[in-house]
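All remarks here apply to the structure that follows.
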Amino acid sequence: MATYLSSFLVVLVLIIDPTTATLLNGIQLPLVNALSLSGRLVCNININTSTSVVQGIAGVTVYVRCNGKNTSLGQVKTGAGGFIAVIFATLDGAAFDPSNCEAFVPLPVGNCTAYPPTGTLYSVLTFLSFIQTIQQGLVAIVKLTGFNVLP
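Residue numbers for the sequence shown follow this note's numbering, so the first one is 1 and each next one is one higher.
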């Protein structure tokens, strides 16, 4: 009888496990239903934000993509002061790896002078936490980590 019970438990684990997530370097990636993104786009380089008044850039479209640049999650316009705060739906519980997600802005940007004047500003997304909601399910909370110029 104990043999049958342990065989049943092994089968049960194998049936449930594939519904969780994929592995990346031995770490289990959770399946997320949404991505909550916040950040700010400014037109200053090499500034100390704790001692400087920083002017944000409003009205700029920020694009977000994941899975090695293959999946577009959407776009959002910066608000007053250059801030963004948005929730993007993912592809029906996709495995979430923040190192494969980025936000980008094509140059030129408004009246901001960047060098080089053409190219793309990009920012990797930094993972902060997960929250479970009734409406969206599991949501990954991420933030922009600052934009860099990619010619």
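All C-beta atoms in this analysis are idealised placements derived from N, C-alpha and C, irrespective of residue type, glycine included.
All values reported here derive from a predicted model rather than from experimental measurement.
Contact annotation: Phe88 and Gly74 have beta-carbon atoms nearer than 7 Å.
In the three-state reduction of the DSSP assignment, Pro98 falls in the helix class. With a cut-off of 8 Å on Cβ pairs, the region 143-151 is in contact with the region 109-129, counting three or more such pairs. Taking 8 Å as the upper bound for CB-CB distance, Ile141 and Leu125 are not in contact here, some 10 Å apart.
In the three-state reduction of the DSSP assignment, Gly81 falls in the helix class. Around the beta carbon of Ala34, a 10 Å sphere encloses 16 or more other beta carbons of the protein chains shown; the residue is thus reported as buried. Within the same chain, and ignoring the five residues on either side of Asn67 in sequence, the residues whose Cβ sits closer than 7 Å to its Cβ are Asn100. In this chain, the beta strand (DSSP E) harbouring Gly39 covers Leu31 to Arg40.
Sequence-distant partners of Val86 (beyond 5 residues in either direction) whose C-beta falls short of 6 Å from its own C-beta, in its chain, are Leu37 and Val76. The DSSP-derived three-state label of Phe147 is coil. Per DSSP, the continuous beta strand (DSSP E) segment holding Gln132 begins and ends at Gly119 to Thr133.
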